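What follows is the structure in structure tokens.
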């Protein structure tokens, strides 16, 4: 397939469709993935291409969807289970954290669970407190689970293809605010390696470490910092939180001496806390300032667009924080 | 009579009973890894009767009280006992133990320490069997306690909806830890729930292993042909929940009565009555089994502890880097400057 302009949503669908064509053991299962085409349209028309035996509409039973995917993965299939909203992950947590994540270890390495759990999270649609969260911290806190969070059209495609090659369970969290984002995709170009972060912007003064939609906020903020405030910020897109590519972060922070972690998840006990702690430990002698976390407020998400937008980091907040670091 | 399967069923039940007695002994000798050992004494007919209906290639999951099921499916008692002792030569190299024993070679997709946790995996295994046209059935074994978990109903609904080659086997030993079934549910006719989901469902008395095997075979054949099934086997948990539980929550009179429902003894009586085996034959068989299971204790006790280095192995696939140990990380971090 040649280079094309597409959307994050269609890049995901292309990845699924190509993986299903290439490997008969890949199946898709979840609520509304078939006839409805997915709550956000990612699996639209897959059922007509691959049939209801491989694109399986399920009852509203999140725990059993994940549990069935575990059993299918242990017996030769490569299931892609869809969890409509990451907010429902609590319903599945036993199957995910006690089963999928631990089976290889508990059983002494006899078998892995090569499944992908696709889901989406984040704010942006006034979906309220139970449909807007960023719960990647739950996943990152569980050894045995890989965690991918694509920010770009390219990564939506490549990370999903790569997730479907992994020998271990992958939680793949999309961002609901990115589905209609356009970008250029060339499936023939060699993708970045799985587990490697990407430096999307160079900058000598400050390193912004982020992932998912906040990558775009960070890039916008970095442009404003450069043009209006004379601060040159590097922006690192982690792409996967497990594996975590610290080797890309370390030299940048050692050079800049300042680091900011940006995450939509709530501040306390979260991904940003972990990243900030690591940077502090590993780069302590090089730091001019405390590593700062610009993260979600420690509150539930409101339906009000005004409150919702301000519950998570905005480009303005990122700029404001950087300016205070250099004040 | 000549072709009776009862001698084999008896032998398998005796092996389960004796193995479980030896597990108790391992604990008393201080050689088990911990005390979370759940014995299936009194439930042998469920394990043996249902496994008799299974075929090569079938898969299954079990629960925390699953030693007997795995043994009835052909497990090596030495490697089981070693796993229960937390030794490297155990089925899971000492990482799983009694409640997380598994063997992909025998189709054992894993014992589970989360009540009901292993149930939905059989739905997925059923999808695989259908996709691969393997003809395999996947069987979920669990206790009556798991009938309180929503995941059972989600799984039964999916199995019925998709007509999967799946069977649910509820070993109703009357107790979820210290709570008797009638203290946990208003309707203890458990098969009625499965019927409501559209499964072929029965309850069978576990006293007679031949009754269990017959019911299981009928239901399992149906499951293989696309009618998922549910079988409840009524029995009595002879001893406490785990090794340290002396069952203070139930009366001695109740226990005496419950232990009369002994499937091993019943099979023995039937064999003698039918003239299939003599008392002397049976004693000799029991002695052979006792010797085998004594050997499993010796094997477990003599086994090596796992290597410390194995601690970071198998969190991820062997092709992936292992997690960095805390000490290694700290040495690196604190060596700065």
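Residue numbers (the UniProt record's numbering), protein chains in the order written: chain A, 1 to 327; chain B, 1 to 337.
Even glycine gets a Cβ: it sits at the ideal position worked out from N, Cα and C.
Keep in mind the model is a prediction, meaning the values are calculated, not measured.
Close-in-space but distant-in-sequence residues of the same chain around residue i (CB under 7 Å, 5 per side omitted)
i, result
"residue 6 of chain B", "210, 267, 270, 271 and 276"
"residue 323 of chain A", "229"
"residue 205 of chain A", "231, 232, 233, 256 and 258"
"residue 58 of chain A", "29, 30, 31 and 65"
"residue 26 of chain A", "19, 20, 78, 80 and 164"
"residue 113 of chain B", "64, 99 and 100"
"residue 37 of chain A", "43, 44 and 45"
"residue 319 of chain A", "221, 224 and 225"
"residue 110 of chain B", "61, 100, 102 and 118"
"residue 155 of chain A", "239"
"residue 250 of chain A", "282 and 283"
Short CB-CB distance (under 7 Å) between residue i and chain B
i, result
"residue 105 of chain A", "yes"
"residue 98 of chain A", "yes"
"residue 281 of chain A", "yes"
"residue 285 of chain A", "yes"
"residue 112 of chain A", "yes"
"residue 77 of chain A", "yes"
"residue 22 of chain A", "no"
"residue 305 of chain A", "no"
"residue 70 of chain A", "yes"
"residue 94 of chain A", "yes"
"residue 325 of chain A", "no"
"residue 290 of chain A", "no"
"residue 150 of chain A", "no"
"residue 74 of chain A", "yes"
"residue 144 of chain A", "yes"
Residues of its chain near residue i, where Cβ-Cβ distance is below 6 Å and the 5 sequence neighbours each way are ignored
i, result
"residue 191 of chain A", "158"
"residue 263 of chain A", "271, 272 and 295"
"residue 259 of chain A", "207, 253, 279 and 291"
"residue 13 of chain A", "42"
"residue 171 of chain A", "117, 139, 145 and 147"
"residue 288 of chain A", "257 and 258"
"residue 243 of chain B", "27, 35 and 37"
"residue 323 of chain B", "312 and 315"
"residue 101 of chain A", "142, 144 and 145"
"residue 222 of chain B", "200 and 229"
Whole-angstrom C-beta distance between residue j and residue i, which should lie under 8 Å
i, j, result
"residue 46 of chain B", "residue 206 of chain B", "6 Å"
"residue 12 of chain B", "residue 48 of chain B", "4 Å"
"residue 228 of chain B", "residue 199 of chain B", "5 Å"
"residue 224 of chain B", "residue 135 of chain B", "7 Å"
"residue 35 of chain B", "residue 16 of chain B", "That belief does not hold up - the Cβ atoms of residue 35 of chain B and residue 16 of chain B are roughly 20 Å apart, past 8 Å."
"residue 63 of chain A", "residue 91 of chain A", "5 Å"
"residue 341 of chain B", "residue 163 of chain B", "Nothing can be reported for residue 341 of chain B: it is not among the residues displayed for chain B, which extend from 1 to 337."
Residues near residue i in its chain [Cβ-Cβ closer than 8 Å; skip 5 each side]
i, result
"residue 219 of chain A", "200, 201 and 235"
"residue 4 of chain B", "274 and 276"
"residue 314 of chain A", "217"
"residue 282 of chain B", "10, 268, 271 and 272"
"residue 255 of chain B", "238 and 247"
Proximity test, Cβ basis, 7 Å: residue i and chain A
i, result
"residue 297 of chain B", "no"
"residue 122 of chain B", "yes"
"residue 149 of chain B", "no"
"residue 102 of chain B", "yes"
"residue 84 of chain B", "no"
"residue 114 of chain B", "yes"
"residue 167 of chain B", "no"
"residue 413 of chain B", "Look at the range of chain B in this structure, 1 to 337, and you will see that residue 413 of chain B is not part of it."
"residue 78 of chain B", "no"
"residue 92 of chain B", "yes"
"residue 88 of chain B", "no"
"residue 336 of chain B", "yes"
Cβ-based contacts, 8 Å cut-off: residues of the region 246 to 270 of chain A near chain B:
none
Those runs of the alpha helix (DSSP H) which lie wholly inside the region 121 to 206 of chain B and span at least 4 residues
150 to 161, 181 to 184 and 190 to 197
At 3 residues or longer, what runs of the beta strand (DSSP E) sit wholly inside the region 206 to 236 of chain A?
206 to 210
If contact means a Cβ-Cβ distance below 8 Å, which residues of the region 167 to 193 of chain A contact chain B?
Taking 8 Å as the Cβ-Cβ cut-off against chain B, the residues of the region 167 to 193 of chain A that qualify are 167 and 168.
Closer than 9 Å between beta carbons: that is the criterion. Which residues of the region 37 to 55 of chain A meet it against chain B?
53 and 54
Selection of the region 316 to 327 of chain B by Cβ proximity to chain A, strictly under 9 Å
316, 317, 318, 319, 320, 321 and 323
Tell me which residues of the region 115 to 141 of chain A have at least one Cβ-Cβ distance to chain B shorter than 7 Å, keeping chain order.
none
Go through the region 11 to 40 of chain A residue by residue and report every complete run of the beta strand (DSSP E) that reaches 3 residues or more, in order.
Listed in chain order, the complete beta strand (DSSP E) runs (minimum 3 residues) inside the region 11 to 40 of chain A are 26 to 30.
What ranges does the beta strand (DSSP E) occupy inside the region 260 to 299 of chain B, keeping only unbroken runs of at least 3 residues that lie completely in it?
none
Can you give me, in chain order, the residues of the region 254 to 277 of chain B that have a beta carbon less than 9 Å from any beta carbon in chain A?
none
My parser needs the beta strand (DSSP E) runs of 3 or more residues fully inside the region 22 to 77 of chain B; what are they?
59 to 61
Using a beta-carbon distance cut-off of less than 8 Å, what residues from the region 211 to 222 of chain A approach chain B?
Within the region 211 to 222 of chain A, contact with chain B at the beta-carbon level (separation under 8 Å) is assigned to no residue.
Run through the region 95 to 178 of chain A for me and flag every whole alpha helix (DSSP H) of 4 or more residues, listed as ranges in chain order.
103 to 106, 136 to 140 and 153 to 163
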